[in-house]
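Participant:
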Amino acid sequence: MFEPIVNAIKGEFAEKAQSVLGLESAQIEPTLKCVSGSLVDTIKKQVFGGKLDDVIGLLTGANTADASNPLMGALSSGLIESFTSRMSMDDAQAQKITDFTVPFAIEKIVEKFKESGNTADLDGFASFIGIDKNILKSVSGGLGGFFGNMFG
Numbered sequence: 017m018f019e020p021i022v023n024a025i026k027g028e029f030a031e032k033a034q035s036v037l038g039l040e041s042a043q044i045e046p047t048l049k050c051v052s053g054s055l056v057d058t059i060k061k062q063v064f065g066g067k068l069d070d071v072i073g074l075l076t077g078a079n080t081a082d083a084s085n086p087l088m089g090a091l092s093s094g095l096i097e098s099f100t101s102r103m104s105m106d107d108a109q110a111q112k113i114t115d116f117t118v119p120f121a122i123e124k125i126v127e128k129f130k131e132s133g134n135t136a137d138l139d140g141f142a143s144f145i146g147i148d149k150n151i152l153k154s155v156s157g158g159l160g161g162f163f164g165n166m167f168g
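Start counting the sequence shown at 17; every next residue gets the next number (this note's numbering).
#1: As a quick exercise: from GLU31, GLY77 and GLY65, pick the residue whose alpha carbon is nearest that of VAL137.
#2: May I have the straight-line CA-CA distance separating GLU123 from GLY66, to the nearest angstrom?
#3: Return yes when the C-beta of SER132 is under 6 Å from any heavy atom of the ligand PLP, and no when it is not.
#4: Mind checking GLY146: buried by the 16 CB within 10 Å criterion, or exposed?
#5: Let me know if SER54 comes out buried or exposed under the rule of 16 or more other beta-carbons within 10 Å of its beta-carbon.
#6: For the alpha helix (DSSP H) that VAL126 lies in, which residues bound it at each end?
#7: Kindly list the residues whose CB is nearer than 7 Å to the CB of LYS26, restricted to its own chain and excluding five residues on each side of it in sequence; keep chain order.
#8: In chain order, which continuous runs of the alpha helix (DSSP H) of length 4 or greater are located wholly inside the stretch 38–85?
#9: Given this structure, state the Cα-to-Cα distance separating LYS130 from MET105, to the nearest angstrom.
#10: Below 8 Å on the Cβ atoms is my guess for LEU75 versus ILE125; work out the distance and round it to an integer in Å.
#11: Need the endpoints of the alpha helix (DSSP H) that ILE147 sits in, please.
#12: Based on Cα-Cα distance, which residue from SER35, VAL118 and MET103 lies nearest to ASN85?
#13: Please report the distance separating the alpha-carbon of GLU127 from that of VAL36.
#14: With burial defined as no fewer than 16 other Cβ atoms inside 10 Å of the residue's Cβ, what is the status of THR58: buried or exposed?
#15: Please list, in chain order, all residues of the same chain as SER92 whose beta carbon is under 6 Å from its beta carbon, the five residues on each side excluded.
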């Protein structure tokens with residue numbers, strides 16, 4: 017479902033991870049898996065938590081991707097937690113990689129979204145990630161959103 021999000025960061029990440037972050041080639045694949053898994057998990061949590069509009073706004077480029085955006089903070093804290101727990105990184109290294117990776121990933125996702133030609137709304141975002149908009153809408157808000165859409 018979120019394959020375009022994962023694919024958006026793969027290509028250029030390996031190159032940047034070595035030149036900007038100083039990662040060894042053996043660290044790139046595990047780091048990329050951790051990054052993509054964490055970003056997708058955080059995005060899913062946000063959607064299920066009723067923040068679908070925020071996710072759409074960020075990933076389509078309609079909302080700013082800076083420190084003032086609470087979703088950027090959620091993505092960063094989720095990634096730091098993943099690095100420290102899954103990859104046993106220290107906090108400083110996890111923070112350094114996260115400070116580069118989250119803005120980089122969002123920029124790449126927004127680029128891919130814009131290249132897709134989809135509209136920056138529920139219809140366009142659902143098409144971009146390959147899921148029916150009604151399903152996406154029904155899961156937003158967790159069970160409350162699901163039941164609200166069933167009976168509303």
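Even for Gly, the Cβ is constructed at its ideal location relative to N, Cα and C.
Facilitator: The answer reads as follows:
#1: It is Asp, not Val, that sits at residue 137 in the sequence shown. Ranking the options by Cα distance to ASP137, first place goes to GLY77.
#2: 23 Å
#3: Ligands displayed in this structure: none; no statement on the ligand PLP is therefore possible.
#4: exposed
#5: buried
#6: 107–132
#7: LEU48
#8: 41–64 and 68–76
#9: 34 Å
#10: 5 Å
#11: Neither: ILE147 is in no alpha helix (DSSP H) and is coded neither H nor E.
#12: VAL118
#13: 20 Å
#14: buried
#15: THR114 and VAL118
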